[in-house]
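Participant:
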Amino acid sequence: DKGDGEGKYIFWPNITKDGKKVIKMSSGMSMMYAPFFFFGHLYALNSNTYEATGFSVPYRVALIIGSLVWLLIGLIFLRKVLLRYFPENIAALTILIVVLGTNLLHYSTREPTMSHLYNFSLFAIFLWLTIKWFEKPTVKWSILIGMLTGLITVTRPNNLIIVFIFMFYGVYHFKSLKDQLQLFWRQKWNILVIVFSATVLVLPQLFYWKYVTGQWVYYSYGENEKFFFNNPQIINGLFSYRKGWLLYTPVMTLALAGVFFLKEKLKNLFIPVLIFILLNIYITFSWWSWWYGGSFGMRPMIDSYSILALPLAAITQFFYHQKVWIKNTFLVALLLFALNGFWGNIKYFHGSIHWDSMTKAAYWDSFGRVKPSPDFYNLIKEPDYESAAKGLEEY
1408 DKGDGEGKYI FWPNITKDGK KVIKMSSGMS MMYAPFFFFG HLYALNSNTY EATGFSVPYR
1468 VALIIGSLVW LLIGLIFLRK VLLRYFPENI AALTILIVVL GTNLLHYSTR EPTMSHLYNF
1528 SLFAIFLWLT IKWFEKPTVK WSILIGMLTG LITVTRPNNL IIVFIFMFYG VYHFKSLKDQ
1588 LQLFWRQKWN ILVIVFSATV LVLPQLFYWK YVTGQWVYYS YGENEKFFFN NPQIINGLFS
1648 YRKGWLLYTP VMTLALAGVF FLKEKLKNLF IPVLIFILLN IYITFSWWSW WYGGSFGMRP
1708 MIDSYSILAL PLAAITQFFY HQKVWIKNTF LVALLLFALN GFWGNIKYFH GSIHWDSMTK
1768 AAYWDSFGRV KPSPDFYNLI KEPDYESAAK GLEEY
């Protein structure tokens, strides 16, 4: 445990003021791990090779398989959503770009048990259920969307902002907002079903906090990890050499530009997607460690890629139907941006992109390299985590 308290690096607890240990992360990932974990446990119990410790090879393999299953589920639902609005070729190209041209690739292959691909899939399912609910608001869809909202909340509480997709779906001017409020009033019992179903999924977390800390709602990250909403690092988060989202995942620049193409193609989703993106960027880059520790690219943004796939598909379809030279110019740019993201995955694997200490000099030194140069580690600069935790500059 590195001398910091028994089990710290196994279960990652924080210590309360009265000395109790409380698990830092909320319970959503455990819920999604569970069926695969128990399959691994069953295998280990009946194995003469592996111990049933919870950490041996069968458990690891089972969780990796589980992650890939969740990714597949997410891609299936994302495809279902895209095909409602776009032809097969645009939907297929969009999915291919999102999987291979972004840091989702790394977190699906090298670190698949982190929460990001799970959240990506949950968001894709949420999109689908939102569309189905507004087509026909039944108890079935209400239960499903409520339970999913609860699961999203206890997986990463910040992601509760996904409810704005539901709240503003179909709102594109003042009259439609009024119509939306009237719809919610007419469907008040289904709205209550959604709230109740979400609460059911959140209750285990609330009971755990109450049991361990005596509080129904508890901030488990401790005093030193918090948001600085008065000082969001949006420019650094988007463009910096350290971890700029659009620098290391440039294809998402096109996705952001594509939001404005939703206004004509998917007017029901233009306002909710715009609200979600703005809130997500603001909240994400208000975190004390805006570069999110050791990681490839801006990993928390992966959660939203199933939402961003919509504007990416919209801008792609728009240019696909322009004059040949305009279409080809766009497709070349799309391909180059995606290849840059794919290349970044390879570079990160081989170490020529550092996990938290990249600088302008280090970036350009390793620009065309797979492996780091002899000078690379002299060019990086480690951030000052203690200063960042106080809301100060990380250097």
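In the working numbering, the protein residues as written are 1408 to 1802. Even for Gly, the Cβ is constructed at its ideal location relative to N, Cα and C.
I'd like the span of the beta strand (DSSP E) that includes V1429, first residue to last.
Facilitator: K1428 to I1430
Participant: Answer yes or no: do D1433 and T1620 have a C-beta to C-beta separation smaller than 8 Å?
Facilitator: For clarity, residue 1433 is Ser in the given sequence; the question names Asp instead. Against a cut-off of 8 Å, the Cβ pair of T1620 and S1433 comes out as no contact.
Participant: Taking the alpha-carbon positions, what's the H1513 to Y1618 distance?
Facilitator: Each residue's Cα considered, the two are about 37 Å apart.
Participant: Quick check: L1489 and A1796, are their CB atoms within less than 8 Å of each other?
Facilitator: no
Participant: Using the three-state DSSP reduction, which class does F1756 fall into: helix, strand or coil?
Facilitator: Note: F1756 maps to helix in three-state DSSP.
Participant: At which residues does the alpha helix (DSSP H) containing N1785 begin and terminate?
Facilitator: DSSP places N1785 in the uninterrupted alpha helix (DSSP H) bounded by F1783 to L1786.
Participant: Starting from the C-beta of Y1727, find all residues in its chain whose C-beta is less than 7 Å away, skip the five residues before and the five after it, and write them out in chain order.
Facilitator: Cβ within range, chain order: I1497 and K1734.
Participant: Apply the 10 Å Cβ neighbour rule to Q1724 and answer buried if 16 or more other Cβ atoms are within range, or exposed otherwise.
Facilitator: Buried, because 16 or more other Cβ atoms sit within 10 Å of the Cβ of Q1724.
Participant: Could you tell me the boundaries of the alpha helix (DSSP H) in which P1718 lies?
Facilitator: Y1712 to Y1727
Participant: Which residue marks the beginning of the alpha helix (DSSP H) containing V1565, and which one marks its end?
Facilitator: Note on identity: in this sequence residue 1565 is Asn, with Val being the wrong assignment. Looking at the DSSP string, N1565 is not in any alpha helix (DSSP H), and its letter there is neither H nor E.
Participant: Indicate the three-state DSSP secondary structure (helix, strand or coil) for N1735 in the structure shown.
Facilitator: helix
Participant: What residue from Y1792, S1780, G1473 and G1704 has the CA that sits closest to T1520's CA?
Facilitator: G1473
Participant: Let me make sure I understand the geometry here. Which of D1782, D1763, S1711 and Y1792 has the alpha-carbon closest to that of L1395?
Facilitator: This structure cannot speak to residue 1395, because the chain is shown only from 1408 to 1802.
Participant: Please name the residue in Y1466, K1585 and W1694 whose C-alpha comes closest to that of F1443.
Facilitator: F1443 has its Cα closest to that of Y1466, out of Y1466, K1585 and W1694.
Participant: Output yes or no for whether 8 Å exceeds the beta carbon distance between L1717 and L1676.
Facilitator: Taking 8 Å as the Cβ cut-off, L1717 and L1676 qualify as a contacting pair.
Participant: Is the segment 1688-1703 in contact with the segment 1632-1642, if contact means three or more CB pairs nearer than 8 Å?
Facilitator: yes
Participant: Starting from the Cα of F1766, find the closest Cα among L1584, T1556 and Y1784 and give me that residue.
Facilitator: The residue asked about is misnamed: residue 1766 is Thr in this sequence, not Phe. Checked all of L1584, T1556 and Y1784; the closest Cα to T1766 is Y1784.
Participant: List in chain order: all unbroken alpha helix (DSSP H) runs of 4+ residues lying wholly within the segment 1613-1679.
Facilitator: 1641-1646, 1652-1655, 1658-1665 and 1669-1672
Participant: For N1453, name the three-state secondary structure that DSSP assigns.
Facilitator: coil
Participant: Answer with buried or exposed for I1532, where buried requires no fewer than 16 other C-beta atoms within 10 angstroms of its C-beta.
Facilitator: buried
Participant: From T1448 to I1601, what does the alpha carbon distance come to, in whole angstroms?
Facilitator: Here residue 1448 turns out to be His, not Thr, going by the sequence shown. Taking the straight line from one Cα to the other gives about 34 Å.
Participant: State the start and end residues of the unbroken beta strand (DSSP E) segment that holds N1421.
Facilitator: P1420 to I1422
Participant: Can you tell me where the alpha helix (DSSP H) holding W1477 begins and where it ends?
Facilitator: V1464 to L1490
Participant: From S1702 to G1508, what distance separates their C-alpha atoms?
Facilitator: 16 Å
Participant: Does the Cβ of R1517 have 16 or more other Cβ atoms within 10 Å, making it buried, or fewer, making it exposed?
Facilitator: exposed
Participant: Using a Cβ-Cβ cut-off of 8 Å (strictly less than) and excluding sequence neighbours within five positions of A1451, which residues of its own chain qualify?
Facilitator: Y1457, E1458, A1459, T1460, S1463, P1465 and Y1466
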